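Right, one structure below, let's go through it.
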Amino acid sequence: MNCANVRDLLMTDYTDGELKDKTAGKVREHIATCPKCKEFEEALKNNVISPLKSAGRKKPPDFIWERIKSRIITERETAPRKASLRILKPVFAVPVVAVAVFTLIVITHFYRAAGIGTVDSYMEEQASFIANLDGVGTETNGLGTSIEEFLL
Amino acid sequence: MENIPRDLIAKAATGETAAFREIYEKTSVFVYNVALRITGKSNDACDVTQDVFIKVYKNLHKFGFLSSFKTWLYRITVNTAINYKKSEKKHMEKRTDYNTVANSVFTEETARESVDKESGRERVSVLLDALNPEQRACVILREIEGMTYREIASALGTNINTVRTRIKRAREKLMASVGKG
Chain A
20 MNCANVRDLL MTDYTDGELK DKTAGKVREH IATCPKCKEF EEALKNNVIS PLKSAGRKKP
80 PDFIWERIKS RIITERETAP RKASLRILKP VFAVPVVAVA VFTLIVITHF YRAAGIGTVD
140 SYMEEQASFI ANLDGVGTET NGLGTSIEEF LL
Chain B
14 MENIPRDLIA KAATGETAAF REIYEKTSVF VYNVALRITG KSNDACDVTQ DVFIKVYKNL
74 HKFGFLSSFK TWLYRITVNT AINYKKSEKK HMEKRTDYNT VANSVFTEET ARESVDKESG
134 RERVSVLLDA LNPEQRACVI LREIEGMTYR EIASALGTNI NTVRTRIKRA REKLMASVGK
194 G
């Protein structure tokens, strides 16, 4: 094992305990007999590995949970609104709208038909009445009441 | 990070705040510290921690126990922190013009304050400044959290060789930055 190989392993697997025992043993043997690689290993440990490994852990500030809790409450409050909006998703909306439109058409048609019939009969009555106003009808047919028939 | 019992996750997934709080108590130190080391600022770490737990809360019902909860949380944390760091970098680049003007009126006094602040920073933060967010994530999970290459690969959704390469490049940069490379 040459110095380049050893330094590659020092940078990664050897230092991180990822090597098999046999290979790790070979690296150890090389370092023991090579002052330059020994110096490299010490520099790596002292300047890079140790400062990071010894970095303490910090406790997160308490207000973070308060913020999270407040966001959760907001999420819950908006959730029912979102749920009601789901009814309008295409899966539900298409049949609901189709039934609504069909019902509306049927009802409109029914009332329109009923409405037109009423208007027609009313118009017929009015036409008949107006026709009878010209006097001809009245003279010919009289007013059609029993007293009139008696007097005539 | 502590192991999270399955029934606690199930309870939290139904929206039980007390159960979710318990998960927060067990995992927030990990989330906050990874966020702090990746972003490098405590304010940013607070924002990232909050975002991570809101994502967890919203998606907990989708967590099907197909992977470990810890791995799932590692991945959310690292991705959120890396994205935050990258978006901050973009934001800072957009401000370059403004900073150029601002620097032209940089007084001696403010310069001294800046140096003091810099020297007051932890050595670890100064070291990590030399790394890109992906390298930072690997180094932090390895050195500070003590995770194996396999665990890091799983947390980052990548393979072991990528993790190994990132750690090697990161250490090379760090060695160079302290004049020993």
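Those protein sequences? They're chains A and B, same order as listed.
Per our numbering, residue 20 is the first one in the first sequence, and the count goes up by one each step.
Per our numbering, residue 14 is the first one in the second sequence, and the count goes up by one each step.
No residue lacks a Cβ here, since even glycine has one placed at the ideal position from N, Cα and C.
All values reported here derive from a predicted model rather than from experimental measurement.
- Chain A has no Cβ within less than 8 Å of the Cβ of residue 151 of chain B.
- Near chain B, meaning a CB-to-CB distance below 9 Å, the residues of the stretch 34-52 of chain A are 34, 35, 36 and 37.
- Distance from the Cα of residue 71 of chain B is smallest, within the candidate group A:115, A:90, A:113 and A:59, for A:90.
- The residue among B:30, B:51, B:154 and B:165 with its C-alpha nearest the C-alpha of residue 88 of chain A is B:30.
- One finds nothing in chain B with a Cβ atom closer than 7 Å to the Cβ of residue 97 of chain A; even the nearest lies about 12 Å away.
- Residue contact check for residue 72 of chain A against chain B: a CB pair falls below 8 Å.
- Remark: three or more beta-carbon pairs, one from each stretch, lie closer than 8 Å, so the stretch 140-151 of chain B and the stretch 39-55 of chain B are flagged as touching.
- Only residues of its own chain outside the window of five on either side were considered, and among them 21, 24 and 25 have a CB closer than 6 Å to the CB of residue 32 of chain B, listed in chain order.
- Within chain A, the C-beta atoms nearer than 8 Å to that of residue 30 of chain B come from 88 and 91, in chain order.
- Taking C-beta separations shorter than 6 Å and ignoring five residues to either side along the sequence, residue 16 of chain B has no partners in its chain.
- With a cut-off of 8 Å on Cβ pairs, the stretch 74-83 of chain A is in contact with the stretch 54-63 of chain B, counting three or more such pairs.
- For residue 29 of chain A, the uninterrupted alpha helix (DSSP H) run begins and ends at 22-30, by DSSP.
- Chain-ordered, the chain A residues with CB closer than 7 Å to the CB of residue 66 of chain B read 87.
- Neighbours of residue 180 of chain B in chain A, taken as residues at a C-beta separation under 7 Å, are given in chain order as 31.
- In this structure, B:187 is the residue among B:73, B:187, B:84 and B:36 with its C-alpha nearest to the C-alpha of residue 136 of chain B.
- Between the stretch 167-174 of chain B and the stretch 82-99 of chain B there are three or more C-beta pairs closer than 8 Å, enough to call the two in contact.
- Taking the C-beta atoms as reference points, residue 76 of chain B is found no nearer than 8 Å to residue 19 of chain B.
- For residue 74 of chain A, the closest alpha carbon among the candidates B:184, B:158 and B:173 is that of B:158.
- A straight-line Cα-Cα distance of about 15 Å links residue 94 of chain B and residue 84 of chain B.
- Per DSSP, residue 53 of chain A lies in no alpha helix (DSSP H) and is assigned neither H nor E.
- Boundaries of the alpha helix (DSSP H) around residue 38 of chain B: 30-52.
- Remark: C-beta atoms of residue 32 of chain A and residue 155 of chain B do not approach each other more closely than 8 Å.
- By the C-beta density criterion, residue 121 of chain A is exposed, having fewer than 16 other C-beta atoms within 10 angstroms.
- Around the beta carbon of residue 96 of chain B, a 10 Å sphere encloses fewer than 16 other beta carbons of the protein chains shown; the residue is thus reported as exposed.
- For residue 80 of chain A, the chain B residues whose C-beta falls within less than 7 Å of its own C-beta are 59, listed in chain order.
- For residue 45 of chain B, the chain A residues whose Cβ falls inside 9 Å of its Cβ are 76, 77, 78, 79, 80 and 83, in order along the chain.
- The beta-carbon separation of residue 37 of chain B and residue 82 of chain B, rounded to 13 Å, does not stay under the 8 Å limit for a contact.
- Taking all protein chains in view, the Cβ of residue 153 of chain B is crowded by 16 or more other Cβ atoms within 10 Å, so the residue is classified as buried.
- If you check the CB distance, residue 185 of chain B and residue 20 of chain A do not come in under 8 Å.
- For residue 148 of chain B, none of the residues of chain A pass the 8 Å Cβ criterion, the least Cβ distance being about 12 Å.
- In the DSSP annotation of this structure, the continuous segment of the alpha helix (DSSP H) that includes residue 147 of chain B starts and ends at 146-152.
- Nearest Cα to residue 26 of chain A within the set A:114, A:58, A:130 and A:128: A:58.
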